[in-house]
Amino acid sequence: MERYDIAVIGTGPAGLEAAITAKVRNKSVLLIGGKGSSDKVSKAHMVQNYLGLPNIAGDEMAKAFLDHAKEMGVEITEDKVNAVYSMGSYFALQCHGGDYEASSVIVAAGMTAMKPFDGEMENLGRGVSYCATCDAALYKGKTAIIVAYSAEDEPEAEFLAERADTVYYLPQYAYSGSLGNNIKVTTGVKPVSIQMNDGKAVLNTDGEIFTADGIFILREQIAPSQLVPGLTMDGNHIAVDRSMKTNIKGLFACGDITGAPYQYIKAAGEGNVAALSAVSYLNDLKKSQN
Ligand SMILES: Cc1cc2nc3c(=O)[nH]c(=O)nc-3n(C[C@H](O)[C@H](O)[C@H](O)COP(=O)(O)OP(=O)(O)OC[C@H]3O[C@@H](n4cnc5c(N)ncnc54)[C@H](O)[C@@H]3O)c2cc1C
Numbered sequence: 136m137e138r139y140d141i142a143v144i145g146t147g148p149a150g151l152e153a154a155i156t157a158k159v160r161n162k163s164v165l166l167i168g169g170k171g172s173s174d175k176v177s178k179a180h181m182v183q184n185y186l187g188l189p190n191i192a193g194d195e196m197a198k199a200f201l202d203h204a205k206e207m208g209v210e211i212t213e214d215k216v217n218a219v220y221s222m223g224s225y226f227a228l229q230c231h232g233g234d235y236e237a238s239s240v241i242v243a244a245g246m247t248a249m250k251p252f253d254g255e256m257e258n259l260g261r262g263v264s265y266c267a268t269c270d271a272a273l274y275k276g277k278t279a280i281i282v283a284y285s286a287e288d289e290p291e292a293e294f295l296a297e298r299a300d301t302v303y304y305l306p307q308y309a310y311s312g313s314l315g316n317n318i319k320v321t322t323g324v325k326p327v328s329i330q331m332n333d334g335k336a337v338l339n340t341d342g343e344i345f346t347a348d349g350i351f352i353l354r355e356q357i358a359p360s361q362l363v364p365g366l367t368m369d370g371n372h373i374a375v376d377r378s379m380k381t382n383i384k385g386l387f388a389c390g391d392i393t394g395a396p397y398q399y400i401k402a403a404g405e406g407n408v409a410a411l412s413a414v415s416y417l418n419d420l421k422k423s424q425n
């Protein structure tokens, strides 16, 4: 497997700037995120405070960011990272589409306002999971519940249903899909809490109660402490120093995920600092290995 110098998670201003700076410094870069820029850029009505781009519509600014990255030869891998594990001198990234390795990682995944359900964290890895395609093989002949937040999750339900006996699919978006066969779709119910009962996962909603062998929660964003086990947090944010270092050697964070103010220019600036710090870390690593 190819080992990249730097893996960057997130294609908002922080992640794009980090990837551009890493490219300028001649490092091999894996940038993972959505194909377009972040929704927080493309959906902004009018932006007035980004240096050099006065009074620009969000979608135009998103295009300018992406064009810049493309011009620098940054390729975006359209995928979602489920977990990052420190392996000592490198990191293993577990994604929906496959696994990757990198010598250092920059987390630029933005902020999520979503709170975990009661019982979610306590049962994570013991009945609750965030990646149906990763765990599908374990569900042969079993039942599973999927709580999904986007129509883009529907192929994941289909994949799981090829293995599982029954999949209960609870869309939390305006569902207009055509999932069928052994996928039972229930719309209009909101999950409230999760508990394990005699080895079965029980999802309590504001309507029905669902019971299955496991529950998959497919949110766009994953809480940082779940994304990277062992990360030191500062409230809801990843704790970093001025060089964007986290408590994990070789892992850096930037943008909204490190705290307020939530601003494009702050995110991009931190992306630049994180990339330079990663480059310096890689240089030291190389020296120590020679
Ligand atoms: C409507 C609106 C208007 C705004 N207007 C302004 C303004 O005028 N001026 C200003 O300075 N700021 C403004 N902001 C704030 C600004 O949008 C944010 O501060 C900025 O986008 C933060 O950049 P970021 O790169 O840290 O995170 P984001 O832009 O949130 O990007 C994070 C990216 O990471 C991706 N991601 C998350 N998890 C994963 C994962 N596990 N795997 C792969 N990818 C992942 C997300 O999909 C997202 O694309 C506005 C925000 C909003 C919502």
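Be aware that the sequence shown starts at 136, since it is given in the working numbering, and climbs by one per residue.
For every residue, glycine included, the Cβ atom is placed at its ideal position computed from N, Cα and C.
{"Item": "Taking contact to mean at least 3 C-beta pairs separated by less than 8 angstroms, is the stretch 230-238 in contact with the stretch 187-204?", "Value": "no"}
{"Item": "How many Å lie between Tyr195 and Ser172 at the Cα?", "Value": "Per the sequence shown, the amino acid found at residue 195 is Glu instead of Tyr. So the alpha carbons of these two residues sit roughly 11 angstroms apart."}
{"Item": "Please state if the CB of Leu151 and the CB of Leu166 are separated by a distance shorter than 9 angstroms.", "Value": "yes"}
{"Item": "Below 6 angstroms CB to CB, which residues in the same chain sit around Gly342 once its five sequence neighbours on both sides are set aside?", "Value": "Val324"}
{"Item": "In terms of DSSP beta bridges, what is Asn339 paired with?", "Value": "Ser328, Ile344"}
{"Item": "Let me know the beta strand (DSSP E) ranges lying completely inside the stretch 195-230, each 3 residues or longer, listed in chain order.", "Value": "211-213, 216-221, 226-230"}
{"Item": "Just confirm the distance between the C-beta atoms of Ile144 and Val242, as a whole number of angstroms; I'd bet it's less than 8 angstroms.", "Value": "5 angstroms"}
{"Item": "Helix, strand or coil for Ser415, going by three-state DSSP, please let me know.", "Value": "helix"}
{"Item": "How is the beta strand (DSSP E) around Ile357 delimited, first residue to last?", "Value": "Element bounds for Ile357: n/a, residue is neither H nor E."}
{"Item": "With DSSP collapsed to three states, give me the class of Ile392.", "Value": "helix"}
{"Item": "Quick one: give me the first and last residue of the alpha helix (DSSP H) that Leu151 is part of.", "Value": "148-159"}
{"Item": "Mapping DSSP to helix, strand and coil, what is Asp234?", "Value": "strand"}
{"Item": "Assuming contact is defined by CB atoms lying nearer than 9 angstroms, are Gly169 and Ile280 in contact in what I supplied?", "Value": "no"}
{"Item": "Where DSSP assigns a beta bridge to Ile191, which residues make up the other side?", "Value": "Val182"}
{"Item": "How far does the alpha helix (DSSP H) with Leu295 in it extend, from its first residue to its last?", "Value": "289-298"}
{"Item": "I need the DSSP call for Thr301, collapsed to helix, strand or coil.", "Value": "strand"}
{"Item": "Out of Ala272, Ser328, Tyr308, point me to the one whose CA is closest to Leu295's CA.", "Value": "Ala272"}
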